[in-house]
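Undergrad: Pasting a structure below so you can have a look.
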Amino acid sequence: MMIAMPEALEILALACTGLYAGYMAAFMSGVMPALKEVDDASFTQVMRAVNRKVPGPLFLLLFLGSLAFPAASFFVEPDGRGGGDTTLVGVAAVCALVGHLITSGGNVPLNNALEASKGRGGDRDARTAFEGRWTALHALRTLFATAAFVLVAVAVTG
Numbered sequence: 005m006m007i008a009m010p011e012a013l014e015i016l017a018l019a020c021t022g023l024y025a026g027y028m029a030a031f032m033s034g035v036m037p038a039l040k041e042v043d044d045a046s047f048t049q050v051m052r053a054v055n056r057k058v059p060g061p062l063f064l065l066l067f068l069g070s071l072a073f074p075a076a077s078f079f080v081e082p083d084g085r086g087g088g089d090t091t092l093v094g095v096a097a098v099c100a101l102v103g104h105l106i107t108s109g110g111n112v113p114l115n116n117a118l119e120a121s122k123g124r125g126g127d128r129d130a131r132t133a134f135e136g137r138w139t140a141l142h143a144l145r146t147l148f149a150t151a152a153f154v155l156v157a158v159a160v161t162g
């Protein structure tokens, strides 16, 4: 059985947005609360290691796919019909884009600043400059990632 391009893109959009939203939610609900309980040196050491390891192939596939597949699905509508389902997928792509802008404009610069602070002062100062802002931005991008997933899910199943 062959799957047509629009359906394949919807499946990929659903998978990538769902897995990416789950990844973000797990980090927000598990990793960051656990790190609240450790000392400053452990916090900065772990976050630096995480920031170096996370941008691997699987994460990049989910990160990029959570935007690219909904956007492609929006533009590759069968027969050019458009309609409610297409609109939902388009809004999902916008949500993913907003989340990506938060990541690139907020979280990544904070990650870079944390890495650059290594060996230049205390872990307490580095953590204070990083943790609150990063966590707030992460919660916001998690919200947008979850919204993108829900919108794609409703479009695909509706």
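Following my numbering, the numbering of the sequence shown begins with 5 at its first residue and continues without gaps. Here a beta-carbon is modelled for each residue, glycine too, at the ideal position from N, C-alpha and C.
How big is the Cα-Cα spacing for Val156 and Glu14?
TA: Counted from its first residue, the sequence shown places residue 156 at position 152. Counted from its first residue, the sequence shown places residue 14 at position 10. Straight-line Cα distance between these residues: approximately 8 Å.
Undergrad: Within a Cβ cutoff of 8 Å, which residues of the same chain sit near Phe148, ignoring the five residues on either side of it in sequence?
TA: Reading the sequence shown from its first residue, position 144 is the one you call residue 148. For Phe148, where only same-chain residues beyond five positions count, the Cβ hits under 8 Å are Cys99, Ala100, Val102, Gly103 and Ile106.
Undergrad: Count Cβ pairs between the region 33–48 and the region 117–134 that sit closer than 8 Å; are there 3 or more?
TA: The region 33–48, when compared against the region 117–134, does touch it at the 8 Å Cβ threshold.
Undergrad: For Gly162, collect the residues of the same chain with a Cβ closer than 7 Å to its Cβ; drop the 5 residues on either side in sequence, then sort them by chain order.
TA: Sequence index remark: in the sequence shown, residue 162 carries index 158 (1-based). For Gly162, where only same-chain residues beyond five positions count, the Cβ hits under 7 Å are Asp89.
Undergrad: What is the residue span of the alpha helix (DSSP H) that Ser70 lies within?
TA: Locating residue 70 in the sequence shown gives position 66, where the first residue counts as 1. First-last of the alpha helix (DSSP H) with Ser70: Pro61 to Phe79.
Undergrad: Am I right that Ser70 and Thr21 are in contact with their C-beta atoms under 8 Å? What's the rounded C-beta distance?
TA: For the purposes of this step, residue 70 is taken as the residue at position 66 of the sequence shown. For the purposes of this step, residue 21 is taken as the residue at position 17 of the sequence shown. That belief holds up - the Cβ atoms of Ser70 and Thr21 are roughly 5 Å apart, short of 8 Å.
Undergrad: Would you mind sorting Asp83 into buried or exposed? The rule is 16 or more other CB atoms within 10 Å of its CB.
TA: Sequence index remark: in the sequence shown, residue 83 carries index 79 (1-based). Below a pLDDT of 50, predicted positions are generally treated as unreliable, and Asp83, at 49, falls in that range; the measurement from the model is reported next regardless. By the 10 Å Cβ count, Asp83 comes out exposed.
Undergrad: For the candidate residues Tyr24, Ile7 and Ala159, whose alpha-carbon lies nearest to that of Leu92?
TA: As a first step, residue 92 must be located in the sequence shown, where it is residue number 88. Leu92 has its Cα closest to that of Ala159, out of Tyr24, Ile7 and Ala159.
Undergrad: Excluding the five sequence neighbours on either side, which residues of its own chain have a C-beta within less than 8 Å of the C-beta of Val54, listed in chain order?
TA: For this step, residue 54 is matched to residue 50 along the sequence shown. Closer than 8 Å at the Cβ level, and outside the excluded window around Val54, lie Val35.
Undergrad: Quick check: is any heavy atom of the ligand SAH less than 7 Å from the C-beta of Thr107?
TA: For the structure depicted, the ligand SAH is absent and the ligand set is empty, with no information on it obtainable.
Undergrad: Classify Met6 as helix, strand or coil using the three-state DSSP reduction.
TA: Walking along the sequence shown from the start, residue 6 turns up at place 2. Three-state result, Met6: coil.
Undergrad: Output needed for Ala8: all residues of its chain with C-beta closer than 6 Å, excluding positions within five of it in sequence on either side, in chain order.
TA: To locate residue 8, count along the sequence shown from 1; it is residue 4. Around Ala8: no qualifying Cβ.
Undergrad: Let's see if you can read the secondary structure: which residues bound the alpha helix (DSSP H) around Gly136?
TA: The residue labelled residue 136 in the question sits at position 132 within the sequence shown. Run containing Gly136: Asp127 to Thr161, per the alpha helix (DSSP H) assignment.
Undergrad: Taking 6 Å as the limit between beta carbons, can you name the residues of its chain near Glu81, skipping five residues before and five after?
TA: Working through the sequence shown from its first residue, we reach residue 81 at position 77. Taken in chain order, the residues that qualify are Thr90.
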